[in-house]
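Under this note's numbering, the first residue of the sequence shown is numbered 341, with each subsequent residue one higher.
The structure appears right after this line, and notes come after that.
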Amino acid sequence: MGSLISLMNIAQQALNADQNALNVTSNNVANQNTPGYTREVVAWQTTDVVSLSGGGYSAGVSSTAVSQRDRVLEQEVQQQIQVQGQSGALQSALQQVEDIFGLSSTSTSASTTALGSAVDSFFSSLSSLAANPSDTSTRQSVLAAASKLASAFNSASNQLTQMTSGLNQQVTSVVGQVNSLTSTIASLNKQISSTSPNGDAGPLEDQRQQAIEKLSALVGLDQISTENNGITLTTSNGAVLVDGASSFALQTTLVSGNTDVVSSTGQDVTSGLTGGQLGGVLEARDQQIPAYASALDNLAYAIGTQVNTQNEAGLDGNGNPGAALFTLTPTATGAAAAIQVATSDPSAVAAAAVGEGTSGNGNATALSGLASAALVGGQTANGFYAALLSQIGNDAAGATTDNTAQQATLTQLTSQRDSLSAVSLDEEASNLTEYQRSYEAAAKMFTIADTLMADALNLGVESAVS
């Protein structure tokens, strides 16, 4: 009798194990399109052997669901997300800079941009003045060209400033998103530690991993596994974001007109933040744009200073010593935003050289000659500006190439992870058939055991007990 009861128990456990396996398969199929879901497989285990009447018998089988995750591969994916996020944000910012300067994939010539055209027009107007120094309308054309040049500098500088302001707003927005995600991850850490401190937490771990990947797209992270199946997260420069069930919010503060990031301990961590959207935004704001703005200031200051110096060396239309044509800042800093035409009087243009009389053109010739003079950085104005545009174009093209390569690497890593963790409907269909047949076999075994038990109770009399 003991062996029949054992047989029925084994059959019952087989039914339960097969039912669990069918449930796992059904859950996989149901979640095939769920973002972040990690497929589960069935782990089968024989139960402990028991002794009956001096013999050893297996007590049956059990099955559990195990998520198919590779933690090393998951971390590689999230690290690549950080790299791709930074290169993507930088690419977007540099494309905006290209738009400011009028560059495109088909046109990188300085003369086709608004500022390049304004520089050419200004020096061309000075050449016209040298050919006709006494003509009032020609002098007026010089002032009009100077005004157009100043406006082009002002516009480019102001747009860079506005872009910096927009990047500052992005910093604030990203920090808010980071704090929301770190709070979610800390909460999931707490749930996982209390429900599955020593094993796979299934959907809770899926949710945590998905939140970490979203966080990786925003900021560079370092991840450390801790006891009770927990995770500690820090920024790339060591500021703690999550430690167990606690999250530590980042803050923002205004420093020299820019929005900087401060850790929960009050330390400014801006300069060391890399990775993710925040890393790309900060790289564009703190490295690329200041370099372009400085070059633009140097060009505006050099042209304005040299033209002012040369105009002051000649005689204006009234025979008086020339004065400055442009108002400038004391140094190159901020020159592009501040440069303006200093006068609206056409006679203020000093076309004549000293000793020539008001109809002379010696100084106008010298002014027009500034177009071919080394004004800034050992280069002509056009040469310096062309080099600046080339640098912007190369930086933007490099960022685009880098982002494309990083995206390809991310796609490859994601495919490797998905080959292990994603749901395959073909595989699930095969498993469903296998578990169904196993269930049917266990049910048949239970029926046979039940029949034998009835025969034993009836002592061979079929009508007594059924």
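The C-beta atom is built at its ideal place from N, Cα and C for all residues, glycine as well.
According to the neighbour-count rule (16 or more other Cβ atoms, all chains shown, within 10 Å of its Cβ), is Q385 buried or exposed? exposed
Measuring straight from C-alpha to C-alpha, what distance separates L728 and Q549? 43 angstroms
Excluding sequence positions up to five away, which residues of its chain have a Cβ less than 6 angstroms from the Cβ of G570? Same-chain partners within the cutoff: N529, S533, G584.
How many whole angstroms separate the CB atoms of V580 and L590, which I take to be in contact at a CB cut-off of 8 angstroms? The beta-carbon distance between V580 and L590, rounded to whole angstroms, is 10 angstroms. This is too long to meet the 8 angstroms contact definition.
Are there three or more Cβ pairs, one per stretch, closer than 8 angstroms when the region 516-527 is compared with the region 346-355? Verdict: no, contact absent.
Enclosing beta strand (DSSP E) for G570 [first to last residue]: The continuous beta strand (DSSP E) containing G570 extends over residues 570-575.
Could you give the residue range of the alpha helix (DSSP H) that holds V515? 476-535
Confirm, please, whether the CB-CB distance from G376 to D540 is below 8 angstroms. no
Looking at N658 and the ligand HEM, is the gap between the Cβ and the nearest heavy atom below 7 angstroms? The ligand HEM is not part of the structure shown, which contains no ligands of any sort.
By Cβ distance below 8 angstroms, which residues in the same chain neighbour S461 in space, the five residues on each side in sequence not counted? Cβ within range, chain order: A485, K488, L489.
Can you list, in chain order, the residues of its chain whose CB lies under 7 angstroms from that of V476, leaving out five sequence neighbours each side? Reading off the sequence, residue 476 comes out as Thr, not Val. For T476, where only same-chain residues beyond five positions count, the Cβ hits under 7 angstroms are P686.
Taking its Cβ as the centre, do 16 or more other Cβ atoms sit within 10 Å of P670, making it buried, or is it exposed? exposed
Would you call R411 buried or exposed, if buried means 16 or more other Cβ atoms sit within 10 Å of its Cβ? exposed
Is it buried or exposed, S565, if we count other Cβ atoms within 10 angstroms and call 16 or more buried? exposed
Quick one, are the C-beta atoms of L715 and A706 less than 8 angstroms apart? no
Status (buried if at least 16 other CB within 10 Å, exposed otherwise) for P661: exposed
CB Q372 to CB S761, shorter than 8 angstroms? no
Other residues of its chain near S451: CB distance less than 7 angstroms, five sequence neighbours each side excluded: Answer for S451: S457, D460, listed in chain order.
Which class does P661 belong to by DSSP, given the choice of helix, strand or coil? strand
Enumerate, from N- to C-terminal direction, the unbroken alpha helix (DSSP H) stretches of 4 or more residues contained entirely within the region 394-461. 411-441
Would you grab the beta carbon distance between T754 and V417 for me? Rounded to a whole angstrom, and I think it's under 8 angstroms. 6 angstroms
Which value, in whole angstroms, describes the spacing of the CA atoms of G606 and D637? 35 angstroms
Within the region 613-650, note down every full alpha helix (DSSP H) run reaching 4 residues or more, in order along the chain. 616-623
If Q747 and Q424 are in contact, beta carbons under 8 angstroms, what's the gap, nearest whole angstrom? Yes, Q747 and Q424 are in contact; Cβ-Cβ is about 6 angstroms, under 8 angstroms.
According to the neighbour-count rule (16 or more other Cβ atoms, all chains shown, within 10 Å of its Cβ), is D388 buried or exposed? Flag for D388 reads exposed.
Since A817 and A676 are thought to touch, with beta carbons under 8 angstroms apart, how far apart are those beta carbons, to the nearest angstrom? For the chain, the structure presents residues 341 to 806; residue 817 sits outside this window and is missing.
Count the other CB atoms, across all protein chains shown, that sit within 10 Å of the CB of R777; report buried if there are 16 or more and exposed otherwise. exposed
Are there 16 or more other CB atoms within 10 angstroms of the CB of L573, so buried, or fewer, so exposed? Answer is buried; the Cβ neighbour count reaches 16.
My output table needs one value for Q352: the three-state DSSP class, helix, strand or coil. helix
Along the chain, where does the beta strand (DSSP E) containing D583 start, and where does it finish? Here the beta strand (DSSP E) through D583 covers 580-583.
Could you tell me which of S759, V559, A361, T592 sits nearest to A383, measuring between CA atoms? A361
Which of the three DSSP states is assigned to I564 in this structure? strand
N-terminal and C-terminal residue of the beta strand (DSSP E) that A383 is part of: 380-386
Report all residues from its chain with a CB closer than 7 angstroms to the CB of I732; omit the five preceding and five following residues, and keep chain order. V437, E438, F441, L443, Y632
Short of 7 angstroms in beta carbon distance, which residues of its chain neighbour S467, apart from the five on each side in sequence? Order them along the chain. S708
Is it the case that the region 608-626 contacts the region 637-653, given that we only count it when at least three CB pairs across the two stretches are under 8 angstroms? no
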